[in-house]
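Protein chains: 4
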Amino acid sequence: MTSKTPVAVVGASGYAGEELVRLLLAHPNVDLAAATSRQLAGKSLAEVFPRFAHQTKTTALKFSNSDPKEIARSAKIIFLALPHGLAAEFAEPFLSTGARVVDLSADFRIKDADIYREFYGHEHPAPDLLGKSVYGMPEIYRDQIRGAQLVACPGCYPTSILIPLRPLIRRKAIERSRILVASMSGVTGAGRKVETDYLFSECNESVRPYAVPKHRHLSEIEQELSNLAGERITIQFTPHLVPINRGIVTTIYTDIAGNVVNLDPEVMFSGAYADEPFVRLLGDARLPDTKHVVGTNFIDFAWKIDKRTNRLIVMSAIDNIVKGASGQALQCMNLMLGLPETAGLI
Amino acid sequence: MTSKTPVAVVGASGYAGEELVRLLLAHPNVDLAAATSRQLAGKSLAEVFPRFAHQTKTTALKFSNSDPKEIARSAKIIFLALPHGLAAEFAEPFLSTGARVVDLSADFRIKDADIYREFYGHEHPAPDLLGKSVYGMPEIYRDQIRGAQLVACPGCYPTSILIPLRPLIRRKAIERSRILVASMSGVTGAGRKVETDYLFSECNESVRPYAVPKHRHLSEIEQELSNLAGERITIQFTPHLVPINRGIVTTIYTDIAGNVVNLDPEVMFSGAYADEPFVRLLGDARLPDTKHVVGTNFIDFAWKIDKRTNRLIVMSAIDNIVKGASGQALQCMNLMLGLPETAGLI
Amino acid sequence: MTSKTPVAVVGASGYAGEELVRLLLAHPNVDLAAATSRQLAGKSLAEVFPRFAHQTKTTALKFSNSDPKEIARSAKIIFLALPHGLAAEFAEPFLSTGARVVDLSADFRIKDADIYREFYGHEHPAPDLLGKSVYGMPEIYRDQIRGAQLVACPGCYPTSILIPLRPLIRRKAIERSRILVASMSGVTGAGRKVETDYLFSECNESVRPYAVPKHRHLSEIEQELSNLAGERITIQFTPHLVPINRGIVTTIYTDIAGNVVNLDPEVMFSGAYADEPFVRLLGDARLPDTKHVVGTNFIDFAWKIDKRTNRLIVMSAIDNIVKGASGQALQCMNLMLGLPETAGLI
Amino acid sequence: MTSKTPVAVVGASGYAGEELVRLLLAHPNVDLAAATSRQLAGKSLAEVFPRFAHQTKTTALKFSNSDPKEIARSAKIIFLALPHGLAAEFAEPFLSTGARVVDLSADFRIKDADIYREFYGHEHPAPDLLGKSVYGMPEIYRDQIRGAQLVACPGCYPTSILIPLRPLIRRKAIERSRILVASMSGVTGAGRKVETDYLFSECNESVRPYAVPKHRHLSEIEQELSNLAGERITIQFTPHLVPINRGIVTTIYTDIAGNVVNLDPEVMFSGAYADEPFVRLLGDARLPDTKHVVGTNFIDFAWKIDKRTNRLIVMSAIDNIVKGASGQALQCMNLMLGLPETAGLI
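Below is the structure:
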C-alpha cells in the first residue's frame with residue numbers, strides 16, 4: 081500500500097471549498113492534511129459540513145488559521161479557494177516555499193495585467209506571478225499542467241464556453257467575429273455571498289440577466305479564444321441567474337465560416353474529444369440538461385445546424401461547482417501528481 | 081349602473097384558461113356567463129379552482145359542455161383557450177353566429193397556410209379564416225383589434241420579442257439579418273400537459289434548451305418582423321425551460337446598423353412606447369427580472385449598447401400567462417368592447 | 081367623491097412592508113401619504129419596488145426619514161413594519177400625538193411583560209403600552225379593533241393556529257392539554273434577513289425544523305388560547321422551513337374531549353365562521369394547499385376525524401405575508417376606519 | 081481478483097430503479113447483469129439515463145423484457161422495483177427458481193393479509209409468500225436479512241419513523257398510545273407518476289398535507305412498532321408534500337412515560353445506535369436538514385425534551401430514494417451476500 085499525498089485547502093468555507101473537501105475526502109490517492117479558514121478556525125470539518133460528519137477524518141480535522149509556511153510543510157499541493165484578490169496575496173508565500181498551488185480564484189487566469197485591471201477594476205496584486213501560471217483546463221493545457229507550479233483554474237462560464245468552441249476556432253469552422261453566448265447559472269455560482277440579491281426569496285421564482293454587457297469572465301474567455309485563434313477575438317456574452325443550486329447551461333451561436341461547405345460537427349468534435357475523459361458529446365439528436373451533469377465532472381454538449389440561417393448552435397451543460405471549479409481543480413491535481421486523470425472523479 | 085357585457089371561455093381547464101377566468105371574474109365591466117370544458121363539465125368553478133372558491137359566482141357557475149350556438153347566444157365575446165388545432169374547429173361555428181372570438185391558441189396567428197403547415201406539421205383546418213384574423217398585439221394592431229371579429233392572441237415568446245424589436249426594425253436601427261434571441265420560460269409555458277418531461281422532479285433543479293433550432297413560435301415572430309420591415313426577416317431563436325412557474329426572460333442580440341451613428345435607444349424606445357399602458361422601459365441602468373412582472377400584464381425591458389462589439393442587447397421580461405396569454409387577450413377584449421384598455425388589468 | 085384617508089408605513093423595506101405598500105396603493109379608500117426607511121431614504125418607491133413602478137404615485141413618493149411628529153401630522157393610521165424591539169420605541173411618540181398605530185411586529189402582542197421577557201430574552205421596552213394594545217385578529221377581537229388606538233397584528237403561525245382552534249376551545253370539543261402543532265413556512269417568514277441560513281442555496285432543496293421546542297410565537301398562541309379557555313393552556317409547536325416564497329401549512333392534532341360524542345366539526349366550524357369574510361372552510365373532503373391562498377387574505381382549513389385514534393386533525397393554509405401579516409393589518413385598518421372589512425382585500 | 085456477483089433489476093424505469101442502477105454500477109462487488117422494463121425494452125441504459133452515459137457498461141447493457149427464468153439464471157439477487165401489486169406477481173416465479181429477491185414495493189411488508197386488504201384495498205395477490213419475507217430494515221432485522229430469500233424493503237416514511245422510535249419503544253421510555261408524527265416528503269416520493277398532481281407547476285410553490293388520516297404506510301409502521309412493543313400500537317401520522325426533489329423530514333411527538341425520571345435520550349440512542357453505520361445522532365444541539373442527507377444512505381436524527389410539556393420531540397431526515405428505498409435495498413443485499421454492509425454506500 082502506497083502512502084497518500086498530503087494536500088491542503090486554504091479558505092474552505094465557500095461552496096467551491098466545501099466541494100473540494102468532499103472530493104478530497106473521497107480521493108483514493110491523496111490525504112487532506114489541512115483546511116484553513118479565518119472565520120471557522122477551531123471548528124471541526126464535521127461541525128461545519130454536517131453532510132460529511134460520518135467520516136472519522138472530519139471529526140479529527142479542524143479548520144486552522146495556520147501561516148503559509150506551516151501549511152506548506154504539511155502539503156504537496158495547496159488549493160486556494162479564496163475570494164478574488166485575496167488569492168494573489170496568499171499565493172506568493174506558498175510559492176516561495178516551493179509548494180505547488182492550484183488556485184480556484186480569477187487571480188492568475190489573466191496573463192495581461194492591463195486586461196486584469198480593465199475587468200477587475202484594480203491593479204493586479206502580484207503581476208510577477210502572472211507569467212508563471214498555467215490556465216487549468218486539461219482539455220487545452222494538459223501537458224503544461226503536469227509540470228506547473230501554479231495552476232489558475234478556469235471560471236465556470238469559461239469552462240462551459242471554451243471546450244465547445246476550441247475545435248471550432250482551431251479548425252476555422254466559424255466566423256470568429258460573430259460568436260454570441262447566452263448562459264444560465266445556478267445560484268451557487270455567486271458563492272456563499274451573504275447579500276440580499278442571493279436570498280432565497282429574491283432568487284426563487286426569478287430569472288434575470290446580470291453583468292451585461294461586460295462580465296469579468298469575458299477577459300479569460302477572450303484571452304483563451306485569441307490564443308487558440310492566433311488573433312484577437314471579441315465575443316458577446318450574457319449570463320443569467322436561474323433558481324437552481326448548481327449547473328450552467330450555455331448556448332453558443334456561431335456563424336458557419338463562409339468558405340466551409342458541408343460542415344460535419346460530429347466528425348470535428350469527435351476528432352477533438354473522443355478520448356477526453358470528461359467530455360460527453362450528445363450529438364445533434366439530444367440536448368443537454370443540467371440535471372444530467374450535477375455532481376459530476378462532465379461537460380455535456382450538443383449541436384444543431386440551422387440550415388435556415390447557416391448557423392451552428394452549440395449547447396453545453398456543466399456543474400458549475402465541479403467541472404466549473406473544484407472538480408476541474410482536482411483533475412489538474414491528478415495531472416500534477418502523475419495520478420490517473422479521473423482518480424476520485426468517476 | 082350599466083350592465084356588464086357577457087363573455088364566455090371555451091376550454092377553461094388549462095393554465096391560460098384558469099388565468100382568464102381569474103381576470104374575468106375581477107373585471108369591472110364584463111360578466112363571465114359561461115365556461116366550458118368537456119372533462120370538467122358539471123363541476124363548479126369553485127371546485128376546480130379552489131383559489132377562487134370564495135367568490136359567489138364560482139359556486140354558481142358550472143363548467144358546461146354546451147354547443148357553440150348556445151354559448152354564442154349568451155356571450156358577446158368568446159375566448160378560446162383550447163389546444164392548437166382544436167381552436168380552429170371551434171372557431172368556425174362561433175363566427176358563423178356572428179360572435180366575436182378571441183383565440184389564445186396558435187391557430188389563427190399565421191397568415192400563410194404553407195408556413196402553418198411547415199411549422200405545425202399538418203394542413204390548417206380552416207384556411208379560409210386566416211385572412212379574417214387580427215394578430216392580437218395592441219402595441220402593433222390596436223386599431224384593427226377594435227373592430228376585429230377574430231383575434232389571434234400572440235404566443236408568449238413572440239410577445240417578449242416583438243415589442244422590443246418593433247421600433248428597432250421600423251427605424252432601421254439594426255441589421256435585419258443578424259437578430260439572435262435566447263429565451264428562458266417557466267414551466268406553465270408548456271400548459272397543463274401531463275407528460276413526464278413536466279413532472280416536478282424532472283424540471284426542478286434542471287435547465288435545458290429545447291425545440292432547437294426551429295420552435296413553432298418562429299413562424300409568427302418572423303411573419304410579424306417581416307411585416308414591420310417590409311422584407312423577409314429570418315432570426316435565430318433558442319428557448320430554454322427553467323424551474324419557475326411563470327415568467328419569460330428574453331435576451332435579444334442585435335447588430336447596430338452600419339449606417340447608424342450615435343444610436344440613442346432611450347429616445348427611440350420612449351418615442352415608441354411612452355404612452356403604452358403595459359410597456360415599462362427600464363433604460364440602460366436596470367435589468368429585467370421575472371419576479372417584477374409575474375401576475376401583471378406588463379412587459380419590462382432594458383437595453384445595453386456594447387461598445388466593444390457595436391451591438392445593442394435588449395432584455396425583456398413578461399408573465400407568460402398574463403401578457404403572454406390571458407392578460408393580453410383581455411387587453412384585446414377591452415379594445416373590442418370600447419372599454420378602457422387597462423380595465424381589469426391594473 | 082369622498083376624499084381618501086391618509087396613512088403611513090414606517091419601515092417599509094422588508095417583505096411585510098413591501099406587501100403593505102402594494103395593498104395600500106390598490107386600496108380604494110386610503111392614500112399612502114408616507115413611507116419611511118432609514119436605509120432607503122431619498123429613493124422613490126418605484127426604484128425600490130420595480131414591481132409597482134408603473135403607478136404614478138410610486139415615482140412621486142420617496143422614502144423619507146421623517147420624525148414621528150411630522151408623519152403623525154400627515155396620517156390617520158400609522159403602520160409599523162419594523163423589526164421586533166424597534167417597533168416599541170417608535171410606537172410611543174406616535175401614540176402620544178394621538179395617532180392610531182397598527183404594529184406588525186411582536187412588540188405589543190404579549191400582555192404580560194414577564195412572558196415577553198421569557199420568550200424574547202430582554203425586558204419589554206415600553207411595558208406601559210402593553211395594556212393598551214388590542215390583538216389584531218378580527219375573528220376574535222373585531223369590536224375592540226374598531227376603537228383601538230394600538231393594534232398588535234398577530235404573527236403568521238399564530239394566525240394559522242388560532243383561527244381553527246378557537247371554536248374547538250370555546251366549545252370544549254378537545255382536550256386542552258393535548259394540542260400538538262406542526263407548521264411549515266415559506267422563507268419570507270424569516271423577513272428580508274441577510275443571513276447565510278436564508279441564502280437561496282441553503283434553503284432550496286432543504287427542509288428543516290427550527291426553534292424547537294420553544295418558538296417565540298408560542299407566547300402569543302398560548303396567551304390567546306388561554307384567554308379563550310379561561311384557563312392556562314400549553315401546547316406543542318414545531319415550525320419547519322420549506323423552500324417556497326410564501327405560505328404556511330399548519331397541521332393541528334387534537335384529542336376529541338372524552339365527554340364529547342358524535343362531534344360534528346362541520347356544524348361547529350360553520351357556526352363560528354360561516355359569515356367570516358376571510359375564512360374558507362374546506363370540510364373533510366378537501367385538503368388545504370398553500371398555492372390556493374398565496375396572494376390572498378384567506379385562511380383555508382380542513383379537518384378529518386381519525387376514528388382509529390379518536391383524534392380530530394385540522395389543517396390550515398395561509399399566505400404568511402398577507403393573512404399572516406400585511407393583509408390582516410389592512411383588515412384591522414378597515415375596521416378602525418369604519419370601512420367595509422374586505423375593502424382592498426378581495 | 082475475485083469475480084463480482086451478478087444481480088438484476090426488474091422494473092428499472094422509476095426513480096428508485098434509476099437510483100438502484102446508479103448504486104449498483106458503482107458497487108465494487110456486484111455486477112449489474114440485467115435490467116428489465118417493458119416500456120424501455122431495447123433501449124440502452126445510457127439512452128434512458130444520460131447521467132450515467134459515460135460508463136461503458138450503460139452503453140452495452142440494454143433494457144430487456146426477459147422472462148423470470150432467464151433473469152434468474154443470470155443473477156444471484158433480483159431487485160424488484162415495480163409498482164405495488166405488480167411485485168407480488170413477479171416475485172413468485174423468481175422465488176420458485178431459488179433466486180433471492182429484494183423487493184422495493186409494499187407487497188411483502190405486511191405480514192397479515194387482512195391488514196394488507198384494509199390498507200391497500202384489495203386481496204393480497206400472493207398471501208402464501210407473506211410468511212417468508214423479512215422486513216428489510218437492517219437496524220432491526222440484520223440477522224434475518226442475511227439468510228433471507230425474500231426481503232421486503234421498508235417504505236420511506238416508515239424508515240424515517242421506525243429507526244428513531246425503536247429504542248424508545250423497547251426501553252419503554254414513552255407512552256405507546258400517544259405517538260404523533262408529521263412528515264414532509266420531496267416529490268420523488270410519489271414515484272415517476274405522470275399525473276397532474278405531480279406536475280412542476282402544481283408542486284412548486286405548494287405545500288400540502290395528503291392521505292389524511294390513513295396513509296398506507298401506517299400499516300407497516302404500526303406492525304413494526306407493535307412487534308417491538310409486544311402489544312398493539314396505533315399512531316397518528318400526517319404526510320405533507322413539499323417542493324424538493326428528494327428528502328424526508330419527520331417530526332415525532334412523544335409523551336415521556338409517566339414512570340420515567342430523568343430520561344437521557346443521548347444515552348439511550350447512543351446505546352442503540354453508536355455502531356450502526358448509517359445512523360448519525362445529532363443530539364439535542366443540532367437539527368436535521370434534508371440537504372445534509374440527500375444522495376446518502378444516512379438517517380440523521382436529533383431530539384429535544386420540552387420541559388414545559390414533558391414531551392420528547394425527535395426529528396429525522398433521510399433521502400427518500402436512498403435510505404428510504406434503493407440504498408437500504410443495497411444495504412440488505414450486502415448483508416445477504418456477506419459483503420461489508422457499507423460496500424458501495426459510503
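Each protein sequence line maps, in turn, to chains A, B, C and D.
Here the first sequence stands for residues 81 to 426, where the numbers follow the working numbering.
Here the second sequence stands for residues 81 to 426, where the numbers follow the working numbering.
Here the third sequence stands for residues 81 to 426, where the numbers follow the working numbering.
Here the fourth sequence stands for residues 81 to 426, where the numbers follow the working numbering.
Even glycine gets a Cβ: it sits at the ideal position worked out from N, Cα and C.
Computed from a prediction, not measured in an experiment: that's the story for all the values here.
* To do: List the whole-angstrom C-beta distance separating residue 142/B from residue 123/B, where the pair is believed to meet the contact cut-off of C-beta under 8 Å.
  => As a working mapping, residue 142/B is identified with position 62 in the second sequence. As a working mapping, residue 123/B is identified with position 43 in the second sequence. Their Cβ separation, rounded to whole angstroms, is 6 Å, which keeps residue 142/B and residue 123/B in contact under 8 Å.
* Alpha carbon of residue 317/C to alpha carbon of residue 225/D, nearest angstrom -> Position 237 of the third sequence, counting from 1, holds the residue named residue 317/C. Position 145 of the fourth sequence, counting from 1, holds the residue named residue 225/D. When rounded, the distance between both Cα atoms is 39 Å.
* Asked: Which of the residues in the region 315 to 338 of chain D, read from start to end, lie with their CB under 7 Å from any CB of chain C?
  -> 316, 318, 320, 322, 323, 324, 325, 327, 329, 331 and 333
* Could you name the residues of the same chain whose beta carbon sits closer than 7 Å to that of residue 135/A, not counting the 5 residues immediately before and after it, in chain order? => Counting from 1 along the first sequence, the entry for residue 135/A is found at position 55. Closer than 7 Å at Cβ, skipping near neighbours: 105.
* Who pairs with residue 314/B in a beta bridge, going by DSSP? -> Sequence index remark: in the second sequence, residue 314/B carries index 234 (1-based). Answer is none; residue 314/B lacks a bridge partner.
* Contacts around residue 248/C, its chain only, beta-carbon distance under 7 Å, and the 5 residues preceding and following it disregarded -> To locate residue 248/C, count along the third sequence from 1; it is residue 168. Hits under 7 Å: 254 and 334.
* To do: Compare the Cα-Cα distances from residue 151/C to each of 130/C, 173/C and 202/C and report the closest residue.
  => Taking the third sequence and counting its residues from 1, one reaches residue 151/C at position 71. With distances taken between Cα atoms, residue 151/C lies closest to 173/C.
* Show which residues of chain B have a CB atom less than 8 Å away from the CB atom of residue 95/D. => Taking the fourth sequence and counting its residues from 1, one reaches residue 95/D at position 15. The answer, in chain order, is 281.
* What is the rounded straight-line gap between the Cα of residue 433/A and the Cα of residue 217/C? -> Residue 433/A is absent from the structure shown; chain A starts at 81 and stops at 426.
* Exposed unless 16 or more other CB atoms sit within 10 angstroms - verdict on residue 81/A -> The count along the first sequence starts at 1 and reaches residue 81/A at position 1. At residue 81/A the pLDDT is 48, less than 50, meaning the model places this residue with poor confidence; the figure from the coordinates comes in the next sentence. Residue 81/A is exposed by the Cβ-count criterion.
* **Where residue 94/C falls: helix, strand or coil (DSSP)** => Within the third sequence, residue 94/C is the residue found at index 14, counting from 1. In the structure shown, residue 94/C sits in coil (DSSP, three-state: anything other than H, G, I, E or B).
* Go ahead and label residue 119/B buried or exposed: buried means 16 or more other beta carbons lie within 10 angstroms of its beta carbon, across all protein chains shown. => Translated into the one-based positions of the second sequence, residue 119/B becomes position 39. Flag for residue 119/B reads exposed.
* **Expected contact under 8 Å - CB spacing of residue 112/A and residue 101/A to nearest Å** => For the purposes of this step, residue 112/A is taken as the residue at position 32 of the first sequence. For the purposes of this step, residue 101/A is taken as the residue at position 21 of the first sequence. The pair is a contact, with the Cβ atoms about 7 Å apart (cut-off 8 Å).
* Proximity test, Cβ basis, 8 Å: residue 378/A and chain D -> The residue you call residue 378/A lines up with position 298 of the first sequence. Yes - at least one Cβ of chain D is within 8 Å of the one on residue 378/A.
* With 8 Å as the threshold, decide whether the Cβ of residue 102/B is near any Cβ in chain C. => Indexing the second sequence from 1 puts residue 102/B at position 22. It does not; no Cβ of chain C falls within 8 Å.
* Classification of residue 201/C by the beta-carbon crowding that lies within 10 angstroms, buried from 16 upward -> Translated into the one-based positions of the third sequence, residue 201/C becomes position 121. With fewer than 16 other Cβ atoms within 10 Å, it is exposed.
* Asked: Going along chain G, which residues have a C-beta under 7 Å from residue 372/D?
  -> Structure shown: chain G not included; protein chains present are A, B, C and D.
* Asked: DSSP state of residue 246/D, grouped into three classes?
  -> Residue 246/D sits at position 166 when you count from the first residue of the fourth sequence. It is helical.
* Separation of residue 395/C from residue 346/C, as counted between CA atoms -> Against the third sequence, residue 346/C aligns to sequence position 266. Against the third sequence, residue 395/C aligns to sequence position 315. Their backbone Cα atoms lie some 14 Å apart in a straight line.
* To do: Under 8 Å between beta-carbons, which chain C residues line up against residue 360/D? List them in chain order, please.
  => Along the fourth sequence, one-based indexing puts residue 360/D at 280. Per Cβ cutoff of 8 Å: no residues; residue 360/D is ~15 Å from chain C at best.
* Proximal chain A residues relative to residue 275/C, where beta-carbon distance stays under 8 Å -> Within the third sequence, residue 275/C is the residue found at index 195, counting from 1. Within chain A, the C-beta atoms nearer than 8 Å to that of residue 275/C come from 274, in chain order.
* Asked: Hey, out of 107/B, 299/B, 363/B and 325/B, whose CA is closest to residue 196/B's CA?
  -> The residue labelled residue 196/B in the question sits at position 116 within the second sequence. Closest by alpha carbon: 299/B.
* **Integer Cβ distance of residue 92/C from residue 161/C, believed to fall under 8 Å** => Translated into the one-based positions of the third sequence, residue 92/C becomes position 12. Translated into the one-based positions of the third sequence, residue 161/C becomes position 81. Rounded, the Cβ-Cβ distance is 6 Å, consistent with contact.
* **Sheet register partners of residue 264/B (DSSP bridge)** => Counting from one through the second sequence, the residue named residue 264/B turns up at place 184. According to DSSP, residue 264/B bridges with 320/B and 329/B.
* To do: Could you confirm whether any beta carbon from chain D is found closer than 8 Å to the beta carbon of residue 411/C?
  => Walking along the third sequence from the start, residue 411/C turns up at place 331. Not closer than 8 Å to any Cβ of chain D, the Cβ of residue 411/C fails to qualify, so no.
* Asked: Along the region 239 to 273 of chain C, what residues have a CB closer than 9 Å to any CB found in chain A?
  -> 266, 267, 268, 270, 272 and 273
* Bridge partners - residue 363/C, DSSP secondary structure assignment -> The residue you call residue 363/C lines up with position 283 of the third sequence. Residue pairing for residue 363/C: DSSP places it in a beta bridge opposite 382/C.
* Asked: Does the distance from the C-beta atom of residue 349/C to that of residue 403/C stay below 8 Å?
  -> Position 269 of the third sequence holds residue 349/C. Position 323 of the third sequence holds residue 403/C. Contact flag unset, no.
* To do: Please decide whether residue 134/B counts as near chain C, where near means a Cβ-Cβ distance under 8 Å.
  => Within the second sequence, residue 134/B is the residue found at index 54, counting from 1. Chain C contact via Cβ: present.
* To do: Tell me, please, whether the region 318 to 328 of chain A touches the region 266 to 278 of chain A by the rule of three or more beta-carbon pairs shorter than 8 Å.
  => yes
* Asked: Quick one: what's got a C-beta closer than 8 Å to residue 364/A's C-beta in the same chain, skipping five residues either side?
  -> Within the first sequence, the letter at position 284 stands for residue 364/A. The answer, listed in chain order, is 345, 346, 382, 383, 384 and 385.
* **residue 142/D (DSSP reduced to helix, strand or coil)** => For this step, residue 142/D is matched to residue 62 along the fourth sequence. If DSSP states are grouped into helix, strand and coil, residue 142/D belongs with the strands.
* Asked: So, helix, strand or coil for residue 81/A, using DSSP?
  -> Locating residue 81/A in the first sequence gives position 1, counting from the first residue. Residue placement at residue 81/A is poorly supported in this model, since its pLDDT is 48, which falls under 50; the coordinates are not used for a value here.
* **Any alpha helix (DSSP H) of 4 or more consecutive residues that is wholly inside the region 159 to 231 of chain C** => 166 to 176, 193 to 200 and 218 to 227
* To do: Tell me residue 86/B's beta-bridge partners as DSSP assigns them.
  => Along the second sequence, one-based indexing puts residue 86/B at 6. Its beta-bridge partners are 111/B.
* In or out: residue 176/B buried (at least 16 other Cβ within 10 Å) or exposed? -> Numbered from its first residue, the second sequence carries residue 176/B at position 96. Here residue 176/B is exposed: its Cβ has fewer than 16 other Cβ atoms, across all protein chains shown, within 10 Å.
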